[in-house]
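Taking it in order: structure first as structure tokens, then the write-up.
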Amino acid sequence: MVTVTLPDGSSRQVAAGTTVLELARSIGAGLAKATLGARLDGAAEIVDLRRPLDADCSIEIVTANSEAGLEVIRHSASHVMADAICQLWPEARLSIGPATAEGFYYDIDLGHKISDDELGAIEQKMAEIIAADSPFERCAIDREASLQRFRAAGEIYKAELIEGFDPNDEISVYRHGNGAFEDLCRGPHVPSTGYIKAFKLLKVAGAYWRGDETRPMLQRIYGTAFNSKKELQEHLERIEEAKRRDHRKLGKELELFIFDETAPATPFFLPKGAFIYNALVDFMREKYRVYGYDEVITPQILDLELWKRSGHWDKYRDNMYFTHFDKADFGVKPMNCPTHCLIFRSKGRSYRDLPLRIADFGRLHRYERSGVTAGLTRVRSFCQDDGHIFCRDDQIGDEIARVIRLLREVYQTFGFPDVRVYFSTRPEMSVGTDEVWEKAEAGLQRALEDNGLDYTVNPGDGAFYGPKIDFVVLDALRREWQLGTVQLDFNMPARFELHYTNAQDGRSQPVMIHRAILGSLERFIGIAVEHFAGNFPLWLAPVQVRVLNISEAQLDHANRVVERLKAEGYRVETDFGNGRIGGKIREARNSRVPYIAVIGDREVEDGTLNLRRRGGEELGAKTVDEFCALLREEVSSRSML
RNA sequence: GCUGCUGUGGCUCAGGGGUAGAGCACGUCCUUGGUAAGGACGGGGUCGCGGGUUCAAAUCCCGCCAGCAGCUCCA
25 MVTVTLPDGS SRQVAAGTTV LELARSIGAG LAKATLGARL DGAAEIVDLR RPLDADCSIE
85 IVTANSEAGL EVIRHSASHV MADAICQLWP EARLSIGPAT AEGFYYDIDL GHKISDDELG
145 AIEQKMAEII AADSPFERCA IDREASLQRF RAAGEIYKAE LIEGFDPNDE ISVYRHGNGA
205 FEDLCRGPHV PSTGYIKAFK LLKVAGAYWR GDETRPMLQR IYGTAFNSKK ELQEHLERIE
265 EAKRRDHRKL GKELELFIFD ETAPATPFFL PKGAFIYNAL VDFMREKYRV YGYDEVITPQ
325 ILDLELWKRS GHWDKYRDNM YFTHFDKADF GVKPMNCPTH CLIFRSKGRS YRDLPLRIAD
385 FGRLHRYERS GVTAGLTRVR SFCQDDGHIF CRDDQIGDEI ARVIRLLREV YQTFGFPDVR
445 VYFSTRPEMS VGTDEVWEKA EAGLQRALED NGLDYTVNPG DGAFYGPKID FVVLDALRRE
505 WQLGTVQLDF NMPARFELHY TNAQDGRSQP VMIHRAILGS LERFIGIAVE HFAGNFPLWL
565 APVQVRVLNI SEAQLDHANR VVERLKAEGY RVETDFGNGR IGGKIREARN SRVPYIAVIG
625 DREVEDGTLN LRRRGGEELG AKTVDEFCAL LREEVSSRSM L
């Protein structure tokens with residue numbers, strides 16, 4: 025007998041060798057039916073429901089309704105898809121096919137290029153396999169024998185996978201369709217193909233074998249699966265909603281920005297987009313006054329010597345633009361930090377001057393490989409809400425805490441309450457000694473812990489001059505976006521030989537904290553467009569009010585109202601054309617103006633505006649004074665209404 | 001950069017070896033209409049760029065450029 029402990033703390037005695045499924049059945053028939061596998065002793069991996077329980081353990085039964093259960097379903101769906109593809113194209117060679125956060129994919133090597141139009145045929149084949157409801161069978165196999173077999177079958181990817189496995193681990197394959205389909209796999213899988221209730225194939229794209237761009241490119245077929253048709257439908261609708269909110273589409277429709285072939289990956293901000301850009305800068309400047317930053321303006325193009333000193337020539341050259349004139353070479357700045365070091369060095373500094381916080385909205389240029397740019401979220405020219413803090417060693421903790429406070433305050437304003445934190449350590453391409461890096465990494469880690477932040481470590485993902493903390497927010501569609509960053513740097517100050525006079529009248533080297541809150545304004549605007557679906561809060565909306573007339577009879581009055589609103593500082597647009605009110609309302613709504621004000625004879629009569637909010641909410645008649653008071657309050661509170 | 005796909009009026013897209021189409025937008029006129037599209041008429045495109053095949057290329061082929069979905073890389 026073995027003792028199994030259930031999540032509620034109770035325990036049961038079962039005969040050794042009892043399977044997970046049998047245990048579930050002993051608890052209840054309903055549970056047994058829903059069981060897909062189990063988590064033993066809190067392990068990350070899930071075991072098969074046919075796994076015998078040989079020793080005492082704690083067990084958590086995994087059902088389809090849990091995240092882990094969904095993963096099992098998706099993983100099984102990827103096998104079914106692979107089976108379908110192999111049936112359609114028997115020459116296909118399989119590599120890997122895992123479940124992902126949103127669905128699953130399978131990377132296959134196939135001479136025939138699968139087009140999106142062929143996904144339907146694959147889905148149909150999958151539906152047949154699912155309808156057959158054939159059991160998934162697990163089978164442990166011998167390492168050497170299986171290597172031979174996979175090699176003989178030309179399954180070079182599977183063979184390579186086996187070669188990489190720990191020789192002590194058991195190797196297994198899963199079969200379904202009465203052995204017609206077999207795939208190297210650790211499992212677990214659903215009991216039979218019929219458990220896959222709702223799936224959909226989404227797209228096909230290229231992916232390098234093992235993510236290595238020097239290795240062959242395989243075809244990756246993406247799909248998703250859910251526990252029910254309803255959940256699948258909801259997921260597909262989320263995808264549609266994301267498409268509707270795409271900032272590239274809305275940016276064009278709302279006339280925020282354009283792109284042109286003559287400047288790849290570099291936006292042209294139209295008046296409305298430029299307004300938002302400037303409003304964000306103004307917003308940060310307001311915060312800077314409170315948080316003690318001094319703004320500077322620094323050169324765009326600097327002598328190559330500077331970039332050699334900073335380390336950019338060595339470690340960042342591939343991302344930089346260069347130019348040549350007056351018999352000298354120059355680099356276009358990809359970062360502001362070196363110029364800020366020059367400012368620090370421009371006069372003698374005392375420990376009393378520290379921390380020195382410098383902010384810069386300078387334009388940066390970074391060469392990005394052609395395939396990686398996208399809309400505003402990845403561009404070649406951008407502006408960060410950049411800042412560098414020069415401080416003493418003993419001020420690091422306070423300064424980072426301050427940045428985190430500022431960051432939270434800013435994210436709150438935009439309705440990004442959930443922030444995920446990533447801690448990135450020394451990358452391969454880096455400057456400085458091990459000792460300095462250890463100190464910097466320890467410093468940041470302490471700051472994370474002192475500020476009570478839960479974080480995930482990204483080993484080797486730091487900047488070339490120092491480790492960093494990245495702040496990732498979740499938008500209205502629960503998608504992750506990286507915004508802020510805090511980087512601790514002992515290297516740049518050393519390379520620029522920065523120093524200040526300490527209290528003992530000696531020389532000390534300052535520490536440099538690189539930080540950005542919004543990240544790049546370009547990316548932030550792109551994210552904000554999608555987050556708000558173009559419905560910017562009043563303070564950020566390029567146009568706040570659109571005034572419509574019913575007929576020409578109200579023109580004089582309407583013009584006076586518009587002048588009054590403009591005089592009060594509001595951004596007002598008019599539609600005094602000869603269309604009908606229904607059409608004007610429709611256009612105003614599509615333009616996502618926060619307030620629509622209608623003026624007809626009635627409003628002229630009693631000196632009011634007939635108002636409705638962007639969402640459709642009718643506010644009825646209000647005097648211009650009342651309306652201004654309402655606007656004033658909504659703007660000053662930066663309401664998210 | 002790699003794989004696949006795409007490029008036709010301002011926008012969304014149809015067409016496809018024989019002198020370019022729709023809807024929306026735009027302009028003019030009619031209409032002065034009370035909360036999601038009133039009507040009529042009209043202007044506007046060397047079909048991304050360059051080469052090739054052909055009697056003839058927007059259409060087929062090649063190259064380049066740009067964009068899209070991913071991969072790899074990043075704010």
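Using this note's numbering, the letters of the first sequence correspond one by one to residues 25 to 665. A virtual CB, placed ideally from N, CA and C, is assigned to each residue, including glycine.
In angstroms, rounded to a whole number, what distance separates the CA positions of L665 and P561? In the first sequence, the residue the question calls residue 665 occupies position 641. In the first sequence, the residue the question calls residue 561 occupies position 537. Cα to Cα, the separation comes out at about 6 Å.
For a quick check, are the C-beta atoms of K276 and Y246 less than 8 Å apart? By one-based count along the first sequence, residue 276 stands at place 252. By one-based count along the first sequence, residue 246 stands at place 222. Result no, Cβ atoms of K276 and Y246 do not sit closer than 8 Å.
In angstroms with no decimal places, state the Cα-to-Cα distance between N343 and R390. Counting from 1 along the first sequence, the entry for residue 343 is found at position 319. Counting from 1 along the first sequence, the entry for residue 390 is found at position 366. So the alpha carbons of these two residues sit roughly 5 Å apart.
Hey, would you say T217 sits closer than 8 Å to V44, going by beta carbons? For the purposes of this step, residue 217 is taken as residue 193 along the first sequence, with counting starting at 1. For the purposes of this step, residue 44 is taken as residue 20 along the first sequence, with counting starting at 1. Not a contact, by the Cβ cut-off of 8 Å.
Assuming A62 contacts V26 (C-beta within less than 8 Å), just tell me the rounded distance between them. Taking the first residue of the first sequence as position 1, residue 62 is located at position 38. Taking the first residue of the first sequence as position 1, residue 26 is located at position 2. Going by Cβ atoms, the distance from A62 to V26 rounds to 14 Å, so no, they are not a contact pair.
If you scan the region 28-103 from start to end, which runs of the beta strand (DSSP E) of 3 or more residues do you find wholly inside it? 35-38, 59-64, 81-87
Alpha carbon to alpha carbon, how far is L507 from V443? Give it in angstroms, no decimals. Position 419 of the first sequence, counting from 1, holds the residue named residue 443. Position 483 of the first sequence, counting from 1, holds the residue named residue 507. If I take the Cα positions, the gap works out to 10 Å.
Ignoring anything shorter than 4 residues, give me the alpha helix (DSSP H) runs that lie fully in the region 586-654, in order along the chain. 605-614, 625-630
Tell me, please, which residues DSSP counts as bridged to H200. Taking the first sequence and counting its residues from 1, one reaches residue 200 at position 176. BP columns for H200 point to F205.
As assigned by DSSP and simplified to three states, the class of M536: Position 512 of the first sequence, counted from the start, is the residue given in the question as residue 536. DSSP places M536 in strand when its eight states are reduced to three.
Expressed to the nearest angstrom, what Euclidean distance is found between the alpha-carbon atoms of H259 and I551? Numbered from its first residue, the first sequence carries residue 259 at position 235. Numbered from its first residue, the first sequence carries residue 551 at position 527. In a straight line, the C-alpha of H259 is about 20 Å away from that of I551.
Can you tell me whether Q578 is buried or exposed, with buried defined as 16 or more other CB within 10 angstroms of its CB? Locating residue 578 in the first sequence gives position 554, counting from the first residue. Burial call: buried.
At which residues does the alpha helix (DSSP H) containing K224 begin and terminate? Residue numbering aside, residue 224 sits at position 200 when the first sequence is read from its first letter. No alpha helix (DSSP H) contains K224, which is instead part of the beta strand (DSSP E) from 222-232.
Over the uninterrupted alpha helix (DSSP H) stretch that includes F20, give me the two end residues. Residue 20 lies beyond the range of the chain shown here (25 to 665); nothing can be said about it.
Is the closest heavy atom of the ligand GDP to the C-beta of T437 under 7 Å? In terms of ligand content, the structure shown is empty, and the ligand GDP therefore cannot be addressed.
Please tell me whether R539 and V510 are closer than 8 Å, where the distance is taken between their beta carbons. Here the question's residue 539 lines up with position 515 in the first sequence. Here the question's residue 510 lines up with position 486 in the first sequence. Yes. Within cutoff.
Excluding five sequence neighbours on each side, which residues of the same chain lie with their C-beta closer than 6 Å to the C-beta of W563? Residue 563 sits at position 539 when you count from the first residue of the first sequence. Taken in chain order, the residues that qualify are V659, R662.
Considering only DSSP beta bridges, list what S405 is partnered with. By one-based count along the first sequence, residue 405 stands at place 381. Looking at the DSSP assignment, S405 forms a beta bridge with H389.
Reduced DSSP secondary structure (H/G/I, E/B, other) of F520: By one-based count along the first sequence, residue 520 stands at place 496. DSSP places F520 in coil when its eight states are reduced to three.
Alpha helix (DSSP H) containing F250: first to last residue? Against the first sequence, residue 250 aligns to sequence position 226. Per DSSP, F250 belongs to no alpha helix (DSSP H); it is in the beta strand (DSSP E), 241-250.
Under the DSSP definition of a beta bridge, which residues are partnered with W505? Here residue 505 corresponds to residue number 481 of the first sequence, with the count starting at 1. Paired residue(s): V497.
By how many angstroms is the C-alpha of F368 removed from the C-alpha of L522? Taking the first sequence and counting its residues from 1, the one referred to as residue 522 is at position 498. Taking the first sequence and counting its residues from 1, the one referred to as residue 368 is at position 344. Roughly 7 Å separates the two Cα atoms.
Short Cβ contact (8 Å threshold) for I623 with V571: Along the first sequence, one-based indexing puts residue 623 at 599. Along the first sequence, one-based indexing puts residue 571 at 547. Result yes, Cβ atoms of I623 and V571 sit closer than 8 Å.
What residue from Y479, I220, L118 has the CA that sits closest to E255's CA? Mapped onto the first sequence, residue 255 falls at position 231. Nearest of Y479, I220, L118 to E255, Cα basis: I220.
So, I282 versus I549, is the Cβ gap smaller than 8 Å? Residue mapping note: residue 282 aligns to position 258 of the first sequence, counting from 1. Residue mapping note: residue 549 aligns to position 525 of the first sequence, counting from 1. No, Cβ-Cβ distance for I282 and I549 is not below 8 Å.
Return yes when the Cβ of G558 is within less than 8 Å of the Cβ of Q408, no when it is not. Within the first sequence, the letter at position 384 stands for residue 408. Within the first sequence, the letter at position 534 stands for residue 558. Going by C-beta atoms, Q408 is not nearer than 8 Å to G558.
Alpha helix (DSSP H) segments (min. 4 residues) lying fully within the region 412-438: 420-437
Going straight from the alpha carbon of F520 to that of V460, what length do you get? Within the first sequence, the letter at position 496 stands for residue 520. Within the first sequence, the letter at position 436 stands for residue 460. For F520 and V460, the distance between alpha carbons rounds to 15 Å.
Whole-Å CB distance - G486 paired with F514, under 8 Å assumed: Here residue 486 is taken as the residue at index 462 of the first sequence, counted from 1. Here residue 514 is taken as the residue at index 490 of the first sequence, counted from 1. The Cβ separation is near 13 Å, so there is no contact.
Exposure label - A287; buried when at least 16 CB within 10 Å: For the purposes of this step, residue 287 is taken as the residue at position 263 of the first sequence. The residue is exposed, with fewer than 16 neighbouring Cβ atoms inside 10 Å.
Quick check on the DSSP output: what are the complete beta strand (DSSP E) runs of length 3 or more inside the region 268-332, in order along the chain? 318-320, 325-327
Residue range of the alpha helix (DSSP H) that D458 falls in? Indexing the first sequence from 1 puts residue 458 at position 434. Unbroken alpha helix (DSSP H) run through D458: 458-474.
Within a Cβ cutoff of 6 Å, which residues of the same chain sit near L143, ignoring the five residues on either side of it in sequence? Mapped onto the first sequence, residue 143 falls at position 119. So the qualifying residues of the chain are L225.
Considering only residues of the same chain and omitting the five flanking positions on each side of T347, which have a CB-CB separation below 6 Å? As a first step, residue 347 must be located in the first sequence, where it is residue number 323. Excluding sequence neighbours, T347 sits near F354.
So is E205 buried or exposed if we call it buried at 16+ other beta carbons inside 10 Å? Your numbering for residue 205 matches position 181 in the first sequence. According to the sequence displayed, residue 205 carries Phe and not Glu. By the 10 Å Cβ count, F205 comes out buried.
Any idea what DSSP makes of Y479, helix, strand or coil? By 1-based counting over the first sequence, the position of residue 479 is 455. Y479 falls in the strand class under three-state DSSP.
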